[in-house]
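If you're matching them up, the sequences are chains A and B in order.
FYI, the numbering for the first sequence is 11 to 127, going by the working numbering.
FYI, the numbering for the second sequence is 309 to 418, going by the working numbering.
Heads up, the thing below is written out as structure tokens.
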Amino acid sequence: EAGVTQFPSHSVIEKGQTVTLRCDPISGHDNLYWYRRVMGKEIKFLLHFVKESKQDESGMPNNRFLAERTGGTYSTLKVQPAELEDSGVYFCASSPTMTSGNTDTQYFGPGTRLTVL
Amino acid sequence: GQNIDQPTEMTATEGAIVQINCTYQTSGFNGLFWYQQHAGEAPTFLSYNVLDGLEEKGRFSSFLSRSKGYSYLLLKELQMKDSASYLCAVRDIGWGKLQFGAGTQVVVTP
């Protein structure tokens, strides 16, 4: 079974430019999460989709960040315009719908390393 | 406030045992996860505790005490490939977002 994949693996852009990150979850997983790790800090939650609906956006830092999950499959996270403090590693995770038989474990992708110059 | 604390770094010898402690203070609790992360790779799920007690999975065990807000991950028979960062994460109630500690870098020496 393919794991969570993310594209690109690295992105270097200049301040003020736009970048779009993509996440393909494990097939059949309804839950999709975005997280971010900035230099020297812990991984922090950004938002959570259940299928195509945004369930929790409490971690989104500001309105320069826009996440979508049209059709409930892959997701994109756009940063526009990018600022220096947006540099970090952006992780995506997915999990199946919680039932009595599973722990709703989140499986992570390898991340996209974003550098804003 | 919300806080998840774990040591920054631990060093141990190949074949030895290492215990990584994690203490947490969070507004909600619906399980505690341990992940392993090698540099530049995805965090990989290791273990999960939601009830008090010990969960054993091969060379790895994890313990939880909810009343103390405390967990540990025990790595036995250390191998060189176990050198990695170990992340403690608490799952929130409701929709289940994870709150992470900063990670513990384990260095295994020959």
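Every residue, glycine too, gets a C-beta built ideally from N, C-alpha and C.
Any beta carbon of chain B sitting closer than 8 Å to that of A:Thr115? Yes, A:Thr115 counts as interfacial toward chain B.
Between the Cα of A:Gln37 and the Cα atoms of A:Ser21, A:Arg74, A:Thr15 and A:Ser97, which residue gives the shortest distance? A quick correction: the sequence has Ser, not Gln, at residue 37 of chain A. For A:Ser37, the nearest C-alpha among the options comes from A:Thr15.
Extent of the continuous beta strand (DSSP E) run through B:Met318: Where B:Met318 is concerned, the enclosing beta strand (DSSP E) stretches over Glu317 to Thr321.
First and last residue of the uninterrupted beta strand (DSSP E) at B:Val326: Start and end: Val326 to Gln333.
Mind checking whether the beta-carbon of B:Val415 lies closer than 7 Å to any heavy atom of the ligand ADP? The ligand ADP is absent from the structure shown, which contains no ligands of any kind.
Terminal residues of the continuous beta strand (DSSP E) containing A:Asp66? Segment Ser63 to Asp66, the beta strand (DSSP E) holding A:Asp66.
Enumerated in chain order, which unbroken segments of the beta strand (DSSP E) with a length of 3 residues or greater are wholly contained in the region 320-400 of chain B? Entirely contained in the region 320-400 of chain B, the beta strand (DSSP E) runs reaching 3 residues are, in chain order, 326-333, 340-345, 352-357, 361-365, 368-373, 378-383 and 392-399.
If B:Gln407 and B:Val398 are in contact, beta carbons under 8 Å, what's the gap, nearest whole angstrom? That belief holds up - the Cβ atoms of B:Gln407 and B:Val398 are roughly 5 Å apart, short of 8 Å.
DSSP three-state label for A:Asp96, please. In this structure, A:Asp96 counts as helix in the three-state DSSP scheme.
Report the rounded CA-to-CA distance for A:Asn73 versus B:Cys330, giving the unit in angstroms. Roughly 34 Å between the two C-alpha positions.
Simplified DSSP assignment, three categories, for A:Thr83: In this structure, A:Thr83 counts as coil in the three-state DSSP scheme.
Interfacial residues, the region 323-353 of chain B to chain A, with Cβ spacing under 8 Å: Against chain A - using a Cβ distance shorter than 8 Å - the residues of the region 323-353 of chain B are Gly339, Phe341, Tyr343, Gly348, Glu349, Ala350, Pro351, Thr352 and Phe353.
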